[in-house]
Amino acid sequence: MDSKGDRLDGSKTYRLRLPPNIPVADFWSVIVYDTQTRSMLQTDQKAPSVSSQDQGIKTNADGSVDVWFGPKPPVGFENNWVQTIPGKGWFTLLRLYGPLEAWFNKTWRPGPIQLQP
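Just so you know, my numbering puts 220 at position 56 of the sequence shown, and the rest follows in order with no gaps.
Shown next as C-alpha cells:
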C-alpha cells in the first residue's frame with residue numbers, strides 16, 4: 165500500500181525515501197515482487213531492485229536516498245529506479261544486511277511509499 169492506503173499500481177510512479185544513516189553494517193537492498201506469484205517482478209532490468217552495492221546510486225544532500233518505482237525511470241534517477249509493469253500489482257521488501265541498533269530500537273525507519281504526480 166502507498167502512503168494513502170491505496171494498492172501499488174505498476175502503471176504509476178512512486179518514491180520511497182530512506183532517511184540518512186541507513187543502519188547497516190554491510191549493505192541494504194530494495195526488491196520488488198509480483199503480488200500474484202510472490203516472486204521477483206519480471207522486468208527488463210537484470211533484477212528488480214536497487215541496492216547500496218549498485219554503481220551510481222544518487223544520495224540526497226542530507227544523506228537520504230530516494231528509490232523510485234514506475235514503468236519509466238525519472239530523469240536523473242535512473243540508477244535509483246526499479247521498473248514496474250502496467251497492469252501488475254507489486255510489493256517491496258527492504259533488506260538490511262547486518263542491521264544495526266537503530267533498526268532494532270526503531271529510531272530509524274524508512275519513509276512511506278508515496279505516489280508521485
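Each residue gets a CB set at the ideal place from its N, CA and C atoms; glycine is no exception.
Note that the coordinates shown come from a computational prediction; the quantities given were computed from them, not determined experimentally.
Just to check my reading of the structure: residue i and residue j have Cβ atoms closer than 8 angstroms, yes? What is that Cβ distance to the nearest angstrom?
i, j, result
"residue 262", "residue 190", "4 angstroms"
In or out: residue i buried (at least 16 other Cβ within 10 Å) or exposed?
i, result
"residue 170", "exposed"
"residue 203", "exposed"
"residue 259", "exposed"
Rounded to a whole number of angstroms, what is the C-alpha to C-alpha distance between residue i and residue j?
i, j, result
"residue 210", "residue 243", "12 angstroms"
"residue 246", "residue 224", "18 angstroms"
"residue 192", "residue 183", "13 angstroms"
"residue 237", "residue 212", "13 angstroms"
"residue 240", "residue 269", "34 angstroms"
"residue 273", "residue 267", "7 angstroms"
"residue 253", "residue 194", "16 angstroms"
"residue 207", "residue 276", "23 angstroms"
For residue i, report the span of its beta strand (DSSP E) as first-last.
i, result
"residue 254", "254-263"
"residue 277", "277-279"
"residue 167", "Looking at the DSSP string, residue 167 is not in any beta strand (DSSP E), and its letter there is neither H nor E."
"residue 214", "213-215"
Identify the residues that DSSP records as bridge partners of residue i: which are they?
i, result
"residue 202", "Per DSSP, none; premise fails for residue 202."
"residue 230", "181"
"residue 196", "256"
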